[in-house]
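Asks:
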Amino acid sequence: MSIDALRRRRTARVVDAAVWGVPAITVAALAWLLADVVWHGAGQIDLAFLTTAPRSAGRAGGIAPMLVSTAIVVAIAVAVALPLAVGTAVLLVEVLPPSASAGRWIRRSLDILAGMPSIVFGLFGNLVFCTMLGMGFSLLSGGLTLACMVLPILMRAAEESLRGVPDGCRRGALALGMPRHRAITAVILPCGMPGIIDGLTLGVGRAMAETAALVFTSGYVDRMPSALTDSGRTLAVHVFDLSMNVTGGDRWAYATALVLIGLLLVTAGLLSLASRFLQRKGAHKP
Amino acid sequence: MPLRRTLVAALTAACLFPPLAGAAETAKLTVTGASTLAPLVSEIAHRFENANPGVRIDVQTGGSSRGVADVRRGIADIGMVSRVLKPDEDDLTVNIVARDGVGMIVNTANPVDPLSRDQVIGIYTGRITNWSQIGGPDRPITVVNKAEGRSTLDIFLEHVQLKPTDVKAHIVIGDNEQGVKVVAGNPWAIGYVSIGTAEYHAQAGTPVRLMALGPVVATTGNVANGTYGAARPLNLVTAKPPEGVAARFIAYSQSPAVHDLIHDQYFVPAPR
Amino acid sequence: MTSISSRRPAERLFVTGLGLCGAAASLTIVAVIGVTTVEATPALSVAGPQAFLTDDGWFPLSGRFGLMPMILGTVLVSLGGLALAGPMGIVSAVFCNHYAPAAVATAYRLLLKALAGIPSVVYGLWGLVTLVPLIAAWAPPGASLLAGILVLALMILPTVAVVADSAIQQLPPALHRGGAALGMRRHTIAFRVVVPAARSGLATALVLALGRALGETMALLMVTGNLVQYPSSLFDPVRTLAANIALEMAYAQDIHRSALFVSGLVLALLVAAALVVAEVLAPDGTRHVD
């Protein structure tokens, strides 16, 4: 064997080791973090924890109202942001010519939005939704504020995904005589759906984890919400309050965080199943 | 048939005169302000709601300055303020609910005890940088300070007679719990936090030890009897002298009926 | 690209709807920056904009508003986090697509997505309780630029990995087959063919992650030490602009509060500057892969 071939084989081995090493490090770091949460929090979790209201500022009772509030706030955020994000992405990829400066500016504006700290969104949402639009501290204000926050993530993921749809799909649809909007809704969007769902998973994760933006909008009330105009505390806000403001609340904070992570895993799992289902259904990439 | 007619009449009446149909009163109060106070006031509100059906109290957090601003703008009925009110805030009506003492904490691995006021000043101004300078082991001191504007910072500075610009800190923190965790994780750190919080953690086995800020021993008991000076008031404020449900809620918050809740949050009921 | 045919009413309605989406999406940032500017105006007019750049130290209650150390701190923490998480995230995506057995890839993807949704405060608690004491034992005070970079890298890794993974997944399989047909080794295909072909998607992943990094608040507040100073080493504490707002907003009033909004405004400028740099450095991301 030549020296050259040996060297090449060594490079291959080093690269392979690195490629396996990175996920190993990532998994180890995460396992460490998750083990910490499980260690401190798992003991508090039982059925009652999931189905009752908190008592003693969260150091007894459960998190049922927070589960409901979280679901509602995230649902509002997704319902508002997803259509906007996908619409904008379609506009950028399918309608505007690639060189259009409007497209560039829309993309830039969303990229800047992605870098604003969540507390600024919170103060913004408080002023605009709670005060100016008169929604007060409510699930609605919180959901709308979150929608602004996750919009860039959803839009960028959708845009990237649509760009990845092969031009063959587009030409095929147009060759069949489909009007443009039919081609987009019937062919191009389904092709891009897996990427959109990946973005959605990231966005939902970000929304569920959000604290600072929600303290000032959906608020702190730990009662079971009965209307969209009610204030309601989300799981992440509850975690923050227990760990930072309630003396002796640490274990309950970890327990709530554990439930939140579990919920996310389930959501991510369901969305990835949906993505795979859609991929199989729409697997006619040329 | 007559029965049904009576029922219909009763229902109609109930719809036309809802106040007569319900309990004594229906009212909604909004309370906003200090995150330190929010868990306590939230619990008091639950108890008050149970005792007064029809009353609903929404507690929101976001900081003392938010409490003051919201009450002034009329967005909130009651504000929570975890500090002494400033001279330019004398337009507000103040009602003290509880007190919260401030004490020094070090790690239990640190043998230095006690610390004089001069030594604390030396540490916080950067004159003393190593525990060996004051009889401890040869370890650099990690000085933990609170962020600009925080009321515990004001109380601490007032007590040691320093200006904010004099302090040479290594770590700046926000809430008490963060202070406890920093000192628990660093054997050679020193900080100051709420006495109640520190007492809880010392009992719960967290490796922190409480030290006095001044000559009186730092205990919640000494804060309660007023001998321990370094303490901040936890206030409920209103724009005008409170009336109606707001007045009743404030009075309830100051009554012995909620002392157990105040102890649960590791604060001290205010002397009446 | 074909031109927009807007003859048919349905078509016109569709395009108008999309235009409205785009307008609404881009107006959001205008509204957010508008609100921030209004709130920041009192401090800017009282102290003058240059005070925020040239003042020595940050003592807003004593009229000193220097933000420079925090600007530097924000940049260092974010770039450090991105320098770790960027390559790791891209390698993670390559791993999922070209190295891992299907089941491993599925599990790893799920883990990454769940990670993206762990609240900042949990990352912060972990950093504060576990990571900072480890660093403190070695080089006190522990709460430092390094702790911030490590925690941030862990937080933004999923964003990079998930978006990069989508980008690589969407490349035509022919690319991979072509490489294989040419007798290329796996790593050559992955890093010489696939990664360059996906570069527009990878750039998106990095930009999104950088945005998240610059704006991250609670986790950094708990681990970076929040000292307003120019760090001289990785072990020195720093304060970021976002942490500054969260740390002081609760008790801030009048000019102090307004000065915190200036922090937010400066942060927006910083993000804009980062985007300009990214646009200059990154390849044009508007090409279709076919």
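Listed in order, the protein sequences are those of chains A, B and C. So for the first sequence, our numbering puts the first residue at 1; every next one is plus one. So for the second sequence, our numbering puts the first residue at 1; every next one is plus one. So for the third sequence, our numbering puts the first residue at 1; every next one is plus one. Cβ atoms here follow ideal geometry from the backbone N, Cα and C, with glycine treated the same way. Since we're looking at a predicted model, the values are computed, not measured.
Please identify, using Cβ separations under 7 angstroms, the residues of the stretch 248–275 of chain A that lie next to chain C, in order along the chain.
Replies: Ala257, Leu260, Ile261, Leu264, Leu265, Ala268, Gly269 and Ser272
Asks: Which of the three DSSP states is assigned to B:Ile75 in this structure?
Replies: coil
Asks: So, does the CB of B:Arg99 fall closer than 8 angstroms to a CB anywhere in chain C?
Replies: no
Asks: Under 9 angstroms between beta-carbons, which chain A residues line up against B:Arg177? List them in chain order, please.
Replies: Reading the sequence as shown, one finds Glu at residue 177 of chain B and not Arg. Here the neighbours are Ser243, Met244, Asn245, Val246, Thr247, Gly249 and Asp250.
Asks: Please work out which residues of its chain come closer than 8 angstroms, Cβ to Cβ, to C:Pro133, disregarding the five sequence neighbours upstream and downstream, and give them in chain order.
Replies: Gly142
Asks: For chain C, find out if any of its Cβ atoms is closer than 8 angstroms to the Cβ of A:Pro190; answer yes or no.
Replies: no
Asks: What three-state label does DSSP hand A:Lys285 in the structure shown?
Replies: In this prediction, A:Lys285 has a pLDDT of 44, which is less than 50 and means its spatial position is unreliable; what the coordinates show is noted afterwards. Reduced to three states, the DSSP call for A:Lys285 is coil.
Asks: Within 10 angstroms of the Cβ of B:Thr206, are there 16 or more other Cβ atoms? Answer buried if so, exposed if not.
Replies: Looking at its Cβ environment, which holds 16 or more other Cβ atoms inside 10 Å, B:Thr206 is buried.
Asks: Would the stretch 199–217 of chain A and the stretch 256–276 of chain A be scored as touching if the rule is three or more Cβ pairs under 8 angstroms?
Replies: yes
Asks: Check whether the Cβ atoms of A:Glu218 and A:Ser141 lie closer than 8 angstroms to each other.
Replies: According to the sequence as given, residue 218 of chain A is Ser; it is not Glu. It is a contact, given that the beta carbons lie within the stated cut-off.
Asks: Ends of the beta strand (DSSP E) at B:Val144?
Replies: Thr142 to Lys146
Asks: Please report the straight-line C-alpha distance between B:Pro215 and B:Ile195, rounded to a whole angstrom.
Replies: 15 angstroms
Asks: Does the stretch 255–265 of chain C come close enough to the stretch 171–180 of chain C that 3 or more CB-CB pairs lie under 8 angstroms?
Replies: no
Asks: Hey, how far is the Cα of A:Asp198 from the Cα of B:Glu89?
Replies: 51 angstroms
Asks: For A:Ile76, decide whether its Cβ has a neighbour in chain C, counting only Cβ atoms nearer than 8 angstroms.
Replies: no
Asks: Can you give the Cα-Cα distance for A:Glu94 and A:Gly168, rounded to whole angstroms?
Replies: Cα-Cα distance, rounded: 14 angstroms.
Asks: With 8 angstroms as the threshold, decide whether the Cβ of C:Ser92 is near any Cβ in chain A.
Replies: yes
Asks: Tell me which residue opens and which closes the alpha helix (DSSP H) that B:Tyr200 is part of.
Replies: Annotation: the continuous alpha helix (DSSP H) that includes B:Tyr200 extends over Ile195 to Ala204.
Asks: For B:Ser42, which residues of its own chain have a beta-carbon under 8 angstroms away from its beta-carbon, when the five flanking residues on both sides are left out?
Replies: Val59
Asks: State yes or no: is the C-beta of C:Met70 within less than 8 angstroms of the C-beta of C:Thr240?
Replies: yes
Asks: So, helix, strand or coil for B:Thr36, using DSSP?
Replies: coil
Asks: Within 8 angstroms (strictly less), CB to CB, does C:Leu145 reach chain B?
Replies: Under the Cβ distance rule, C:Leu145 does not count among the residues neighbouring chain B, no pair being separated by less than 8 angstroms.
Asks: Helix, strand or coil: which one does DSSP assign to B:Gly22?
Replies: Confidence is the limiting factor: at B:Gly22 the pLDDT is only 41, short of 50, which leaves the residue's position unreliable, though a coordinate-based value still follows. B:Gly22: coil per DSSP, three-state reduction.
Asks: What does DSSP give as the partner residues of B:Ile171 in its beta bridges?
Replies: For B:Ile171, which the question treats as bridged, DSSP gives the partners B:Val144.
Asks: Is it the case that the Cβ atoms of C:Gly215 and A:Gly115 are separated by a distance below 8 angstroms?
Replies: yes
Asks: Reducing DSSP to helix, strand and coil, say where C:Ala197 ends up.
Replies: Annotated three-state conformation of C:Ala197 is helix, per DSSP.
Asks: Compare the C-beta of B:Trp188 against all C-beta atoms of chain C and say whether one is closer than 8 angstroms.
Replies: By this cut-off, B:Trp188 is an interface position.
Asks: Which same chain residues, not among the five before or five after A:Arg13, have their C-beta less than 8 angstroms away from its C-beta?
Replies: none
Asks: Taking a cut of 8 angstroms between CB atoms, which residues from the stretch 53–66 of chain B lie near chain C?
Replies: Those would be Gly62, Gly63, Ser64, Ser65 and Arg66, in chain order.
Asks: Mind checking the stretch 24–44 of chain B against chain A and listing, in chain order, the residues whose C-beta falls within less than 7 angstroms of any C-beta there?
Replies: The stretch 24–44 of chain B vs chain A, Cβ under 7 angstroms: Ser35, Thr36, Ala38, Pro39, Ser42 and Glu43.
Asks: Excluding the five sequence neighbours on either side, which residues of its own chain have a C-beta within less than 6 angstroms of the C-beta of B:Thr93, listed in chain order?
Replies: Thr238 and Pro241
Asks: Shortest alpha-carbon distance to A:Arg163 belongs to which of C:Val160, C:Thr37, C:Ala161 and C:Ala167?
Replies: C:Ala167
Asks: Answer yes or no: do B:Thr185 and C:Ala136 have a C-beta to C-beta separation smaller than 8 angstroms?
Replies: In the sequence under discussion, the amino acid at residue 185 of chain B is Gly, which differs from the Thr named in the question. Yes, they are a contact pair.
Asks: Strictly under 8 angstroms for the Cβ-Cβ distance: is A:Val86 near chain B by that measure?
Replies: So no, A:Val86 is outside the interface.
Asks: Using DSSP with H/G/I as helix, E/B as strand and the rest coil, what is B:Tyr266?
Replies: coil
Asks: Taking the alpha carbon of C:Leu234 as the reference point, which residue from C:Leu111, C:Phe14, C:Leu18 and C:Gly81 has its own alpha carbon closest?
Replies: C:Gly81
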